[in-house]
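K.L.:
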Amino acid sequence: MDWHATTILSVRRGGKVAMGGDGQVTLGTQVMKADAQKVRKLLDGQVIVGFAGSAADGFALLERFEAKLKDFPNNVPRAAIELAKAWRTDRALRRLEAVLLVVDARHSLMLSGSGDVIQPTDGILATGSGGGYALASARALLKHTGLSAADVVRESLAIAGGIDIYTNTSLTVEELESLT
184 MDWHATTILS VRRGGKVAMG GDGQVTLGTQ VMKADAQKVR KLLDGQVIVG
234 FAGSAADGFA LLERFEAKLK DFPNNVPRAA IELAKAWRTD RALRRLEAVL
284 LVVDARHSLM LSGSGDVIQP TDGILATGSG GGYALASARA LLKHTGLSAA
334 DVVRESLAIA GGIDIYTNTS LTVEELESLT
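Quick note on the numbering used here: the sequence shown kicks off at 184 and runs consecutively.
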């Protein structure tokens, strides 16, 4: 059986950065859980991390990333690069199937198992089965409305949840002050 799960979105606007995710976990054609929490604050609330993909793999990567943050507490990009290097080269980690989105006051990063650490030019990150829908919606809302970062995330995830069968509208949204 294939697990399908989630949409995660992050947006920067008006001195804030927000990240949100839906709560659906699907196994085959069945919704197994509707209220999973795939977005968390780490490092005493200074960093927000969300994941899409296998739940067990996502949680394993969250733990590894949190350890890297403790090694490099004021340097989120360095912690992300160190995790991406380990993820790509370690035999056990290499098999983990998830994508992490990581934000702090200055940085928005996407990490993947192929060693990618990507920083978007527009401050918007999206991943998961409904990521494309949420990304398109967020870009439109940022261009044509004055909604806050958190409201753009909520509205975009709701739109994705209305289109993508693997995304629901049971949302978790976290927000931080942003320097960009």
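Yeah, the Cβ is synthetic: ideal placement off N, Cα and C, and Gly gets one too.
Within 10 angstroms of the Cβ of Arg195, are there 16 or more other Cβ atoms? Answer buried if so, exposed if not.
P.N.:
Buried, by the Cβ-count rule.
K.L.:
If we count the other Cβ atoms within 10 Å of its Cβ and call it buried at 16 or more, is Asp185 buried or exposed?
P.N.:
Since pLDDT at Asp185 reaches only 47, below the 50 mark, its modelled position is unreliable, and the value read off the structure follows with that caveat. Looking at its Cβ environment, which holds fewer than 16 other Cβ atoms inside 10 Å, Asp185 is exposed.
K.L.:
Arg196 lies in the alpha helix (DSSP H); which residues open and close that run?
P.N.:
Here Arg196 belongs to no alpha helix (DSSP H); instead the beta strand (DSSP E) covers Thr190 to Arg196.
K.L.:
Let me confirm a value: Gly206 is counted as buried when at least 16 other C-beta atoms fall within 10 Å, else exposed. Which label applies?
P.N.:
Gly206 should be labelled buried.
K.L.:
Where Met215 and Thr209 are concerned, what is the direct C-alpha to C-alpha distance, given to the nearest angstrom?
P.N.:
Going by the C-alpha atoms only, they are around 5 angstroms apart.
K.L.:
Could you check what DSSP says for Gly203 in three-state terms: helix, strand or coil?
P.N.:
Reduced to three states, the DSSP call for Gly203 is strand.
K.L.:
Which parts of the segment 244–319 are runs of the beta strand (DSSP E), unbroken and 3 residues or longer, counting only runs that do not cross its ends?
P.N.:
Those beta strand (DSSP E) runs which fall completely within the segment 244–319 and span 3+ residues are 281–286, 291–294 and 308–311.
K.L.:
When you compare only the Cα positions, how much space is there between Asp281 and Phe234?
P.N.:
One point to set straight first is that residue 281 is Ala, not Asp, in the sequence displayed. Their backbone Cα atoms lie some 7 angstroms apart in a straight line.
K.L.:
Tell me whether the beta-carbon of Ser295 lies closer than 7 angstroms to the beta-carbon of Ala317.
P.N.:
The answer is no: Cβ separation not under 7 angstroms.
K.L.:
Please look up how many angstroms separate the CB atoms of Leu252 and Leu226, rounded, as I've assumed it's under 8 angstroms.
P.N.:
Right, their Cβ atoms sit about 5 angstroms apart.
K.L.:
Of all the options Ile346, Arg261, Val286 and Thr212, which has the alpha carbon lying nearest to the alpha carbon of Pro303?
P.N.:
Among Ile346, Arg261, Val286 and Thr212, the Cα nearest to that of Pro303 belongs to Val286.
K.L.:
Find the nearest neighbour of Thr355 within the set Leu324, Ala217 and Gly197, judged by alpha-carbon distance.
P.N.:
Out of Leu324, Ala217 and Gly197, Ala217 has the C-alpha closest to the C-alpha of Thr355.
K.L.:
Does the Cβ-Cβ distance between Ser361 and Val200 come in under 7 angstroms?
P.N.:
Their beta carbons are under 7 angstroms apart, which means Ser361 touches Val200 by this criterion.
K.L.:
Excluding five sequence neighbours on each side, which residues of the same chain lie with their C-beta closer than 7 angstroms to the C-beta of Ala263?
P.N.:
The residues are Val285, Leu292, Leu294 and Val300.
K.L.:
Pull the bridge partners of Glu360 from the DSSP assignment, please.
P.N.:
DSSP output for Glu360 lists Lys199 as bridge partner(s).
K.L.:
Could you tell me the boundaries of the alpha helix (DSSP H) in which Leu340 lies?
P.N.:
Unbroken alpha helix (DSSP H) run through Leu340: Ala332 to Ile346.
K.L.:
In whole angstroms, what separates the C-alpha of Thr272 from that of Arg322?
P.N.:
Roughly 35 angstroms separates the two Cα atoms.
K.L.:
Hey, quick one: how far does the beta strand (DSSP E) through Gln213 stretch, first residue to last?
P.N.:
It spans Gln213 to Lys216 - the beta strand (DSSP E) in which Gln213 sits, taken as one unbroken run.
K.L.:
Spatial neighbours of Pro395 within its chain, please: C-beta separation below 7 angstroms, excluding the five flanking residues on both sides.
P.N.:
Since the first and last residues shown for the chain are 184 and 363, residue 395 lies out of range.
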